Structures are given as structure tokens and as C-alpha cells.
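Step one of this worksheet: look at the structure below.
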Amino acid sequence: MNKNVLIIAEAGVNHNGDMDMARRLVDAAAAAGADFVKFQTFKADKIVSKEARKAEYQIQNTGDTDSTQYNMLRKLELSEQAHYQLKDYCAEKGIQFLSTGFDEDSVDFLDGMGIPFFKVPSGELTNKPYLQRIAAKGKPVILSTGMADMEEISAAMAVLEASGVARSRITVRHCNTEYPTPMEDVNLGAMNHIRQTLGVAVGYSDHTLGIEVPVAAVALGATVIEKHFTLDKNLPGPDHKASLEPAELKAMVQAIRNIERAISGDGLKAPSRSETPNKAIARKSLHYRHDLPAGHVLTEADFIALRPGNGISPMEIDTLTGRSLKVPVSQTTLVEPEQLA
8 MNKNVLIIAE AGVNHNGDMD MARRLVDAAA AAGADFVKFQ TFKADKIVSK
58 EARKAEYQIQ NTGDTDSTQY NMLRKLELSE QAHYQLKDYC AEKGIQFLST
108 GFDEDSVDFL DGMGIPFFKV PSGELTNKPY LQRIAAKGKP VILSTGMADM
158 EEISAAMAVL EASGVARSRI TVRHCNTEYP TPMEDVNLGA MNHIRQTLGV
208 AVGYSDHTLG IEVPVAAVAL GATVIEKHFT LDKNLPGPDH KASLEPAELK
258 AMVQAIRNIE RAISGDGLKA PSRSETPNKA IARKSLHYRH DLPAGHVLTE
308 ADFIALRPGN GISPMEIDTL TGRSLKVPVS QTTLVEPEQL A
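Sequence positions in the sequence shown follow my numbering and run 8 to 348.
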């Protein structure tokens with residue numbers, strides 16, 4: 008979707024249902040230099056039963072005694088009007104708007120808004136009707152794979168392809184859905200396993216604490232990075248504690264852009280343009296170890312390698328031994344061809 012790494016700042020539901028907070032999240036994502044700021048589109052009635060329990064991390068992070076997902080999600084819904092307001096605000100701030108739809112009606116709504124691609128959240132990877140609805144829109148797809156094994160990922164890919172999305176337009180994103188993800192559970196090598204097995208572009212959606220893992224993912228070939236962020240990790244809500252604060256988000260974006268440049272070369276080992284002038288400074292040339300008279304027959308012991316490296320390389324020492332001096336030379340004088348018979 009982009010020759011550069013696509014960075015998605017995941018605001019998600021960290022607006023806590025407050026539009027002023029949602030706009031401040033847009034401000035933070037734009038200031039950090041992310042490509043997209045992403046929200047979530049859903050109606051609680053269409054994605055969860057009233058009896059469904061929260062995940063353990065949601066119970067801990069929301070700070071209330073209600074253990075059901077339904078009531079939590081009802082408070083976090085964004086209206087259709089709010090979506091358009093946020094899209095317009097993103098345009099003002101110079102960042103692209105994106106949202107993840109969690110049900111088929113939300114997919115239709117977001118398509119009508121003109122979002123450039125769809126993101127399949129990990130929880131919908133096994134939802135065939137949902138996958139078919141997304142594929143029917145004819146747009147690129149990012150497929151998140153938290154909790155999935157390769158068989159499930161392949162099955163989801165098959166549904167998308169059979170429903171009209173070419174494999175070349177699918178990016179499969181490795182992730183772990185525990186918030187926060189323990190470092191020992193990241194298994195970042197699985198991203199490359201997905202790429203090699205399925206022949207697709209890959210990305211990474213990160214739920215660890217800190218910025219090291221998404222930066223490492225870029226070095227390993229991720230083309231899309233997504234990371235949750237918040238205005239304050241101490242705010243109540245399911246995702247704040249596993250999110251970056253604005254300064255951290257900015258640091259992650261900058262680190263990714265640096266890594267992106269660092270791996271952009273042709274891969275062939277040769278002196279770079281910036282380091283070429285350092286050859287004469289850092290390398291050594293052959294010099295005379297002692298004062299020597301004219302006619303002296305040179306041996307290896309007569310030479311010493313000293314900086315700068317603007318003369319005869321010490322790698323050529325064997326070509327000089329056995330030759331005689333035309334002229335007398337002083338200690339530490341640079342060896343030059345015209346001195347030699």
C-alpha cells in the first residue's frame with residue numbers, strides 16, 4: 008500500500024466516548040508524524056451479547072465492577088456524525104482518518120466514508136460473512152492475526168481471495184492480543200514465517216509496553232505498524248495502560264523512520280558516500296621505521312604502518328621487501344615509489 012512503512016496510530020476507544028478527547032488524540036497522532044490515526048466503529052448491540060464477559064485485562068483496566076463487555080462498549084461508541092467530524096478534523100491536521108469496523112453494517116458505513124483500505128481485527132479473522140463483506144468492497148485489506156494459527160490465517164486468506172481480493176492487495180499482520188503483551192510471547196519471528204509461507208506482505212500490530220518491538224519489526228521487514236496510543240496511561244478504559252503516551256508515539260515514529268532509512272540501501276557491501284573520506288584518516292600507510300641510507304636493501308622490519316592512509320597500503324608490504332633505496336630517508340617518512348630502485 009505504500010513503499011514506506013505505513014504507521015497507524017491506534018486511538019481505538021481511548022477517547023472514552025468524549026469527542027474533545029478524540030480530537031486531542033488526532034492532534035497527538037499528527038504531531039507524532041503518523042500516517043493514519045485509527046478509531047473503532049461498532050454498535051455494541053451488533054458485536055456482543057449482553058452476557059459476554061470482559062477479558063481479564065479489561066476488567067483490571069476499566070476500574071469498574073461491571074464485568075460485561077456490553078455496557079463497556081456502549082459507552083465507547085462513536086456516532087456516524089462523530090466519524091465525519093473526526094475525518095474532517097484529520098484533514099485539517101494533515102493526517103489520514105481510518106477506523107476499524109467490527110460488524111458488517113460498520114463495514115458498509117466506512118466504505119461509504121471512503122476509507123482507503125480495510126483492517127480486519129483479530130477477533131473477526133474467523134468471521135466468514137464479515138470477511139466476504141469486506142472483500143466485496145474491492146479495497147486493500149490488512150488482516151490482523153492475534154490468537155490465530157497458520158491454518159486459520161490461510162482459511163481467512165482463502166475467503167478473501169475467493170471473494171475478490173487479490174493476494175497482492177492483502178497485508179497479513181502478526182500480533183498478540185494480550186494487553187500488554189509479555190515480551191516472551193511476542194514471537195516476532197512468526198511475522199517472517201507468515202511471509203515465507205503465504206507469500207504476502209507482512210506487518211505488525213504491537214501491544215507490548217514501549218517502542219522496541221515495533222521498531223525491531225520494521226528492521227525485520229514489516230511494511231505496516233500499528234500501535235495504540237493515549238493521552239494519559241492512567242485514564243480509565245480498557246486500552247490506556249498498554250498504550251503509548253504522545254511523546255512515546257513521536258519517539259516510535261522517528262525511530263521507525265530512522266530504521267526505514269537504515270535498511271533502504273541496495274544490500275551490497277561497499278563504502279558509502281559519507282564514509283569514503285574517512286579512508287585516508289582511519290587507515291594506515293607504510294612509513295619507514297628508522298633513518299635509512301641510500302642503497303639500503305629493504306626488509307619487512309624497515310617498515311611501520313602509520314596513519315594517514317594516503318600512501319602505499321600495508322597489504323602491499325611483500326612487493327617492497329628486497330628493493331633498495333635510491334635516496335636516504337628519515338624515520339616515519341611516508342614510503343613513496345620514487346624513493347625505490
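Quick reminder that beta carbons are idealized off the backbone N, C-alpha and C, glycines included.
From a predicted model like this one, the values you see are computed outputs, not experimental measurements.
Here Q88 carries a helix assignment [DSSP, helix/strand/coil]. Residue state for H294 is assigned as strand, using DSSP reduced to three classes. Checking the DSSP bridge columns, you'll see I15 partnered with F43 and E233. Here the C-alpha atom of H181 lies approximately 53 Å from the C-alpha atom of I319. Residue range E111 to M120 is occupied by the alpha helix (DSSP H) that includes L117. Judged by DSSP secondary structure, A269 falls within the alpha helix (DSSP H) whose first and last residues are P253 to A269. Looking at the DSSP output, H181 sits in a beta bridge with Y211. Ranked by how close their Cα comes to the Cα of H297, the residues K286, F310, I288 and T283 have F310 in first place. Taking a C-beta distance under 9 Å as the contact criterion, T215 and T188 qualify as a contact pair.
Collapsing the DSSP output to three states places R280 in coil.
Going by DSSP, I288 is part of the alpha helix (DSSP H) stretching over K286 to A289. Taking all protein chains shown into account, R60 has fewer than 16 neighbouring C-beta atoms within 10 Å of its C-beta and is therefore exposed. Counting C-beta atoms within 10 angstroms of its own C-beta, D52 has fewer than 16 neighbours from the protein chains shown and is therefore classed as exposed.
By the neighbour-count criterion, in which a residue is buried when 16 or more other Cβ atoms sit within 10 angstroms of its Cβ, V148 is buried. Taking the CA atoms as reference points, F46 sits about 15 Å from G121. Taking one beta carbon from each stretch, the segment 279-288 and the segment 297-308 have fewer than 3 pairs nearer than 8 Å; the two do not touch. The C-beta of A98 has fewer than 16 other C-beta atoms within 10 Å across all chains shown, which makes the residue exposed. The secondary-structure analysis by DSSP pairs A312 across a beta bridge with L293.
DSSP lists no bridge partner for T204. Per DSSP, the unbroken beta strand (DSSP E) holding V148 starts and ends at V148 to S151.
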